[in-house]
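Quick mapping for you: the protein sequence lines, in order, are chains A and B.
Read in our numbering, the first sequence has 325 at position 325, and its numbers run on one by one without any break.
Add 1000 to a position in the second sequence, counting from 1, and you land on the number used in our numbering.
Encoded as structure tokens, the structure appears first; notes follow it.
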Amino acid sequence: MILVWMIVILLIGGLLCWLTARANEHAAKWVALVTMLIDAALICGVCFTQRVSSINTWIVDIKTQWIPAYGIGFHLAMDGLSMVMLLLTFFLGTLAVLCSWNEIKQRTGFYYFNLLCTLAGIAGVFVAMDLFLFYFFWEVMLVPMYFLIAIWGDTNRRYAAYKFFIFTQAGGLLMLIAILSLYFIHAAQSGVYSYDYFDLLNTTLQPSAARWIMMGFLVAFVIKLPMVPLHNWLPDAHSEAPTAGSLILAGLLLKTGAYGIMRFVLPLFPQAAEAIAWWAMLLAVIGIVYGAMLAFAQTDIKRLIAYTSVSHMGFVLLGIFSFNAVAMQGVVMQMITHGISTGALFVLAGMLKERLHTRDIESMGGLWSSLPAMGAVGMLFTMASLGLPMLGNFIAEFLVLMGAFTANVPLTVIATFGLVFSAIYSLRFVQKVFLGPSTFQKPLPDFSAREFVMMAALSIAIVWLGVYPQPVLDMVQHAVQAVVTK
Amino acid sequence: MNKLVYLVPLFPLAGFLINGLLRKSLSKGIIGFIGSAAILASFVVSLVLFFQVKGSGAAIPVEPLFTFINADTFKIDFAFQVDQLSSLFLLIITGVGFLIHVYSAAYMHEEPEQHVGRYFAYLNLFVFSMLLLVMGANYVIMFIGWEGVGLCSYLLIGYWFKNNDYNYAAKKAFIMNRIGDLGFLLAVFWLLSKLGTVSFNEVFPQVSRLTPTDITGITVLLFVGAMGKSAQIPLYTWLPDAMAGPTPVSALIHAATMVTAGIYMVARSNALYSLSEVAQHLVAIVGIATALLSATIAIKQNDIKKVLAYSTVSQLGYMFLGLGVGAYTGAVFHVMTHAFFKALLFLGAGSVIHAMHHEQDIRNMGGLKKHLPATHWTFLLACIAISGIPPFSGFFSKDEILAAAYAHSPVYWVLGVIGAAMTAFYMFRLYATTFLGQFRGTHEQEHHLHESPKAMTIPLIILAVLSVIGGMVGVPEVLGGHHELHAFLAPVLTTETHHEISHSTEYALMGISVAVAAVAIFIAVSKYSKKPELGEPAGFGKVLADKWYIDELYNNIIVKPLGALAGVLKNVVEKSGIDGAVNGVGRFVKYSARQLRLLQSGQVGGYILFMVLSIVVLFLLFWNQAMITQFLNKIF
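Set out below in structure tokens:
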């Protein structure tokens, strides 16, 4: 029941934001914050009380009928993987509310409504075990995000929002066709019409059918991930979205793609997935290098960070298609640590924009002098993003590369070069923004208390994950084993 | 007792946190005190550990701190190990490190509080990382330290971050190190995939399970890591540029400790290296080539720190030569003596720069002997030590490497002696140009010339004493010694090759190398004390002064093409290609919609025409259904 509550609380909270904002514009953010904190507290509670074990892979499992005539059920379940993703969702969700605090001044009620709805959709995606329901949540997270970009975005927001919507929707429709095909094939075989994940897992598919249906799922997921060359929506959406939008896009939305591949593509179509593994790994490696190269060439701070995401998500794809538990654990780590480190960089970019009113790194420089604390935090997350040991991303990349090494040595070697490229663009970023002679004469305010709390939370998280990653690895171990052994 | 081990890295970590977080509220004096005290505390503990190891003759057993990564097929502990090799390095790091911290407190006194806090925080973090590197009980913990010292090196080279030239130097150092680190990382993957462990205690007894290809691959990849960190060909060009950092940083990181990490790693992995002839040859050849190349460059440099930087690269080359010919003790011995005299040289240079108000060009110095007596005498002793004149420390360590090289192949020895001659020459060129002759600086500089404060000269004196007597721990048998260091390290460096050369040959080798060095010193002093080179170098000298144009080469074949490629990817592939295709689809839909709209003209006549035409077409299609199906079947 707790899973339902988490989602319902978000939706109710969103509606309350909308309603209270009519009375008082400032009330909405408080309502949103309280909502997020309740959810965060709930998931932490589950996390501390439940233990994942090999017998009890599914910690929570709730199943009721929804539209029984078509075999559609309301089935939510949570294993270690889902739990970790929910933790990340509510952590970053809370920060998303906090970083919108002063940035959003217009239509705050509707803004927080959309924000919380997107988060509800994301949370739903991570726990839905009925494919129809999954598709439903998939759309729920898309539409409010479209509004977030199109209404509260930057100057080129319309274009970015359209692009984001069309790309994602095109993938989504392919997935819908794939879901329906799977549903009918399963019905033809067993005589039972069901969208339930665990029922569909038992479907036997002809290799050609499996290939096409898998492609339907996969395209939807790799667009979200994103995989080069389907990444094109991402730089525009990330750079035009408001800070919270970028944070959620990079931190969570991209992860739904990776989650989808792990949860659906591999278990449902193991042979078909294995058949394309080499190509997927190749595209992953191309993405790692290509994203890094483009990040190096950017001058817009948010576009730069967006392309680093393309590069980092290449590691995720590489790890998934290595088909072993080590790489898969690395993938989960990468999803979390990338969410934190890139999220932090987007939040920083938002803070810089609030102060300097520009996103152009060529017009920044020397900010360490006036913003030493922000400089230090910026340095920390830059280092995280280039994979420095003792910070979470290193563990992720280490495990992914280690796993990939056993699957394909040449591609892993090229992927490892991604670490050099990431050093090149990251250090350029730090230098252009924080180092060098100062270009801004007037004094700039360093962190406010709210900003300090946010960055402190993110910093602690990234260091903790880098020094003591084992609890997270333990949490996802069984879920990951289940995916791999399939 | 083994809980004590954790204290060693804990103190610098605490120092880093205190100075880093509270740097705004602490005064300079307190910051310097905290920074230095943290290292002193580590040093004291290290001493205790050292004598424990020495007393028992065995490694101190240390419980793993916690499980770092436990993933499916392997488990990596966050574990430390203190044995003979690491305890020796602990002493060097914390001992020399402490002296440099004390020196720094005086050297950096002109900097504003907040930046002093940052400086000491970085410096403490560096020592912490370096300690992780040498104390780690497996390759992964070593790698954590390995990259950590790289970070600190980056931060400290770019300490004066307002100067973009320094930032570029810092960036270059980090990236070149990163390239090396890839080798290290791949070696770790290789080991893990073959043995399922990276722990030293488990890897070395199991080397027989590895095929020769595995061993060669792993050792060569590890050596790529060492090339980056220890500045060997082709990844050496970052080290001279790293001199952009404050001088004590150059002394600690870029001379005494971090750059010797590669030697530590190879010595630590001696069980692997000894099994791969390919790797050993590679190490030796790269080592001697680097030693010679950078020595030639050092001869024509005029920046006091640049000379020392190239000298460091050259000396590191000697250490690798030692490792390559199986003289692991010799290499470690040279790490130790080099830490003493090279730290001393850098700190001496710092004292000179301090006195000359940030002047680094030796052509504008001269005659500093009488103005800076303590600096001068200690610098001279260090020059003698590095030149390999007995009984100074450098003689014993260098001689041991050269003797082993001779036993391996006389060619290595000849090249080594040529390098030694160049070393003596450029060091005394530096000495003579800086300290002898007439003062050539401005009047203002001369007026302000002063000996540095006690906090700077006392570390100089201590290091000078060590540079003179430090070699006594490794006096070879042929000179009537027992070589305590050899005996001490023997349990760790088990695969050391013992060269078999007769005593008479050994005397002859020593005699020749000392004589050659003495002649080189004589020439350098007599040539440069009277008439130092003041003009711009010409001819071949210019090639040397411009470092054989290696930087330009790298710039043109790697840096620029990569930048251009990134530009092409951004503007052509991404913008015109992918984005163009996406927007093209959008435009096509818009365009075709606009055209199709024209069909709906609202004129009944038009609609009827379409209807008739459509009926005809459909009719024809049905009429020829069989033919069309056949046709379609043919193509598909």
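Don't be surprised by glycine CBs; every beta carbon is placed ideally from N, CA and C.
**Prompt:** Ordered along the chain, which non-local residues of its own chain (more than five positions away) have a Cβ less than 8 Å from that of Asp446/A?
**Reply:** Ser370, Leu371, Pro372, Ala373 and Met374
**Asked** Does Trp1190/B have its Cβ less than 9 Å from a Cβ in chain A?
**Response** Interface residue, yes.
**Interface flag, Asp474/A vs chain B, CB-CB below 9 Å** = yes
**Asked** By Cβ distance, which residues of its chain are closer than 8 Å to Ser1484/B, with the 5 residues on each side in sequence left out?
**Response** Ser is not the amino acid found at residue 1484/B; the sequence shown has Glu there. For Glu1484/B, where only same-chain residues beyond five positions count, the Cβ hits under 8 Å are Val1473 and Gly1474.
**Request:** Counting only the same chain and skipping the five closest in sequence on each side, list residues whose C-beta sits under 8 Å from that of Ile223/A.
**Result:** Phe167, Thr168, Ala170, Gly171, Leu230, Trp233 and Gly257
**Message:** Only counting the same chain, and skipping five residues up and downstream in sequence, which positions put a Cβ closer than 7 Å to that of Phe1392/B?
**Reply:** Closer than 7 Å at the Cβ level, and outside the excluded window around Phe1392/B, lie Ile1384, Ala1385, Ser1467, Val1468 and Gly1471.
**Prompt:** So what does DSSP say about Gly1183/B, is it helix, strand or coil?
**Reply:** helix
**Residue interval of the beta strand (DSSP E) (run including Thr1067/B)** = Phe1066 to Ala1071
**Item:** Spatial neighbours of Ile1233/B in its chain, beta-carbon cut-off 7 Å, leaving aside the 5 residues before and after
**Value:** Val1286, Ala1289, Thr1290 and Leu1293
**Request:** Take Thr1378/B as the anchor and find which of Met1356/B, Leu1544/B, Lys1300/B and Glu1451/B has the nearest alpha-carbon.
**Result:** The option with the nearest alpha carbon to Thr1378/B is Glu1451/B.
**Message:** For Gln1600/B, would you say it is in contact with chain A, using Cβ-to-Cβ distances shorter than 9 Å as the test?
**Reply:** no
**Prompt:** Where do the ends of the beta strand (DSSP E) carrying Leu1040/B lie?
**Reply:** Per DSSP, Leu1040/B belongs to no beta strand (DSSP E); it is in the alpha helix (DSSP H), Lys1028 to Ser1056.
**Local conformation of Val1492/B per DSSP, three classes** = Looking at Val1492/B - three-state DSSP - the assignment turns out to be coil, as it is neither helix nor strand.
**Asked** In whole angstroms, what separates the C-alpha of Val1053/B from that of Val1492/B?
**Response** 12 Å
**Asked** From Val310/A to Thr342/A, what does the alpha carbon distance come to, in whole angstroms?
**Response** 11 Å
**Request:** For Val326/A, return the contacting residues in chain B, with the cut-off set at a CB-CB distance below 8 Å.
**Result:** Ordered by position in chain B, the residues that pass the 8 Å Cβ test against Val326/A are Ala1071, Asp1072, Thr1073 and Phe1074.
**Item:** Proximal residues of chain B, C-beta to C-beta of Trp368/A below 8 Å
**Value:** Taking a Cβ-Cβ threshold of 8 Å, the residues of chain B close to Trp368/A are Phe1161, in chain order.
**Request:** Grab me the residues of Met383/A's own chain with a C-beta within less than 7 Å of its C-beta, minus the 5 sequence neighbours each way, in chain order.
**Result:** Leu391
**Asked** Using DSSP with H/G/I as helix, E/B as strand and the rest coil, what is Ala250/A?
**Response** helix
**Request:** Find the residues of chain D that neighbour Pro229/A, judging by a C-beta separation of less than 8 Å, and give them in chain order.
**Result:** Among the protein chains in the structure shown, which are A and B, there is no chain D.
**Asked** Should Glu1202/B be flagged as near chain A, meaning a C-beta pair shorter than 9 Å?
**Response** no
**Message:** Assuming contact is defined by CB atoms lying nearer than 9 Å, are Val1525/B and Tyr1406/B in contact in what I supplied?
**Reply:** no
**Prompt:** So with Cβ pairs under 9 Å, would you call Arg450/A a contact of chain B?
**Reply:** Cβ-Cβ to chain B under 9 Å: no for Arg450/A.
**Message:** Report the CB separation of Val472/A from Ile261/A in whole angstroms; it is logged as a contact under 8 Å.
**Reply:** A Cβ-Cβ distance of about 19 Å is found for the pair Val472/A and Ile261/A, leaving them out of contact under the 8 Å criterion.
**Request:** Using the DSSP secondary-structure output, state which residues sit across from Ser1199/B in a beta bridge.
**Result:** Asn1138/B
**Asked** Heavy atom of the ligand MN less than 8 Å from the Cβ of Gly93/A, yes or no?
**Response** Summarising the ligand content, the structure contains no ligands, and the ligand MN is consequently not present.
**Message:** Please state the DSSP three-state secondary structure of Thr57/A.
**Reply:** Thr57/A sits in coil when the DSSP states are folded into three classes, being neither helix nor strand.
**Message:** Would the region 1152-1160 of chain B count as touching the region 1171-1180 of chain B if we require 3 or more Cβ pairs under 8 Å?
**Reply:** yes
**Message:** Check whether chain A comes within 9 Å of Leu1123/B, counting only Cβ atoms and requiring the distance to be less than that.
**Reply:** Taking CB atoms only, Leu1123/B has no neighbour in chain A less than 9 Å away.
**Same chain, Cβ closer than 8 Å to Gln1438/B, five either side skipped, listed in chain order** = Gly1366 and Gly1367
**Request:** Given a cut-off of 9 Å, decide if Phe321/A and Ala292/A are closer than it, judged by their beta-carbon atoms.
**Result:** Contact flag unset, no.
**Message:** Bridge partners for Thr64/A per DSSP, in chain order?
**Reply:** Phe74/A
**Request:** Look up Asp39/A in the DSSP assignment and say whether it is helix, strand or coil.
**Result:** helix
**Item:** Within chain B, the residues that Thr406/A reaches when beta carbons sit closer than 7 Å
**Value:** Ser1193
**Prompt:** Can we say the region 138-149 of chain A touches the region 111-126 of chain A, given the rule of at least three CB pairs closer than 8 Å?
**Reply:** yes
**Asked** Considering Phe1078/B, what are the terminal residues of the beta strand (DSSP E) in which it resides?
**Response** Phe1074 to Phe1078
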